[in-house]
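So the structure is just underneath, and the comments pick up after that.
Numbering (my numbering), first residue to last: 150 to 480.
This is the structure:
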């Protein structure tokens, strides 16, 4: 290919690109970017509906000059007059009437959509809890709740550790905590639990017959509960080997499999009743338990209040449970 032919092809490509760019600037870009600002449309809708800049300024809590400025900006952008102005009154032009009808319809559609979204949210409940609590206690009770309230949607936010939760993530939060501390402002109720060691039958029997072995058995724990073991033993340090398992459900299975001893609460009553796990000692910790919190940002949501009432009603099903009401008002 000669140099002249190559140059000619290059010039043609540049011209084609320039034509495409011009087309985009003339037709595509205006459609994408030349919509009037929402503030101008809001001011125009009010003035067109009331046929008064003064009344529009009062409705929108802005000055009459600000209304006039927004209308002028809008008229400059659309390229035509939207109002005919007289000494004491304003009138819509034909273009103004057309735009007014469209803007009002669009605003009505937006308002209707927002109402639908808000209405659907009033039938949603989000509950935050650990996988342990969600699987053992919440899930079957929520299933019964949904049978009574099929119009409500329940979502679980579950984590292995409840310390990862933020209160604003959920409508209701059920977390483990110190029940001796003053309740926070979002605390609705507290459920103190007895925290006690359990092991499988073989290991529990050895713990009961060999007093020295409690200082040798592997402790199944999570990072947070290591201090609880110190508290239970009443010692400043321990020589027991430890197996750190953050997920409580996995710790339960490890204890059943004979991998060590773990701290349990009344939510493990099923394994105890069926002989899968045995409490080898009588004493336990009683300062801790579950704390039920409510996000008051959704205080008007009736679905949240129904779920809250239901959970509180179900708490007595936990063996040995005693609810502490921390709320200042009823639901």
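Positions of the beta carbon are idealized from the N, C-alpha and C atoms, including for glycine.
Taking the beta carbon of residue i as the centre, do at least 16 other beta carbons fall within 10 Å, making it buried, or is it exposed?
{"i": "residue 193", "result": "buried"}
{"i": "residue 465", "result": "exposed"}
{"i": "residue 240", "result": "exposed"}
{"i": "residue 152", "result": "Only weak support is given to the placement of residue 152: the predicted model assigns it a pLDDT of 46, under 50, and the question is left unresolved by the model."}
{"i": "residue 393", "result": "exposed"}
{"i": "residue 329", "result": "exposed"}
{"i": "residue 177", "result": "A caution first: residue 177 carries a pLDDT of 43, below 50, which makes its placement in the model too unreliable to give a value."}
{"i": "residue 431", "result": "exposed"}
{"i": "residue 255", "result": "exposed"}
{"i": "residue 352", "result": "buried"}
{"i": "residue 451", "result": "exposed"}
{"i": "residue 248", "result": "buried"}
For the alpha helix (DSSP H) that residue i lies in, which residues bound it at each end?
{"i": "residue 435", "result": "Not the alpha helix (DSSP H): residue 435 falls in the beta strand (DSSP E), residues 434 to 443."}
{"i": "residue 304", "result": "Premise fails: residue 304 lies in the beta strand (DSSP E), 302 to 308, not in any alpha helix (DSSP H)."}
{"i": "residue 419", "result": "418 to 422"}
{"i": "residue 382", "result": "375 to 382"}
{"i": "residue 239", "result": "Where residue 239 is concerned, there is no enclosing alpha helix (DSSP H), although the beta strand (DSSP E) it sits in stretches over 239 to 241."}
{"i": "residue 294", "result": "288 to 297"}
{"i": "residue 430", "result": "Neither: residue 430 is in no alpha helix (DSSP H) and is coded neither H nor E."}
Does chain D have any CB closer than 8 Å to the CB of residue i?
{"i": "residue 349", "result": "Looking for chain D here will not work: only one protein chain is present."}
Check the C-beta distance from residue i over to residue j and give it rounded, since I have them as a contact under 8 Å.
{"i": "residue 282", "j": "residue 320", "result": "That pair is no contact at about 16 Å."}
{"i": "residue 409", "j": "residue 369", "result": "4 Å"}
{"i": "residue 338", "j": "residue 476", "result": "7 Å"}
{"i": "residue 472", "j": "residue 434", "result": "Actually they do not touch by this definition, with Cβ atoms about 19 Å apart."}
{"i": "residue 386", "j": "residue 412", "result": "About 18 Å; that fails the 8 Å criterion."}
{"i": "residue 427", "j": "residue 303", "result": "Contact doesn't hold; Cβ gap of about 35 Å is too wide."}
What does DSSP give as the partner residue(s) for residue i in the beta ladder?
{"i": "residue 273", "result": "302"}
{"i": "residue 413", "result": "345"}
{"i": "residue 211", "result": "None, per the DSSP bridge assignment."}
{"i": "residue 257", "result": "Paired residue(s): none; residue 257 is not in a bridge."}
{"i": "residue 473", "result": "339"}
Nearest to residue i by CA position, among the options, is which residue?
{"i": "residue 196", "options": "370, 185 and 213", "result": "213"}
{"i": "residue 418", "options": "221, 285, 211 and 200", "result": "285"}
{"i": "residue 436", "options": "331, 358, 365 and 216", "result": "331"}
{"i": "residue 324", "options": "342, 420, 227 and 441", "result": "441"}
{"i": "residue 219", "options": "202, 476, 207 and 246", "result": "202"}
{"i": "residue 184", "options": "199, 223, 438 and 305", "result": "223"}
{"i": "residue 416", "options": "407, 401, 406 and 429", "result": "401"}
What residue does the beta strand (DSSP E) around residue i start on, and which one ends it?
{"i": "residue 325", "result": "321 to 327"}
{"i": "residue 370", "result": "368 to 370"}
{"i": "residue 393", "result": "391 to 393"}
{"i": "residue 232", "result": "232 to 234"}
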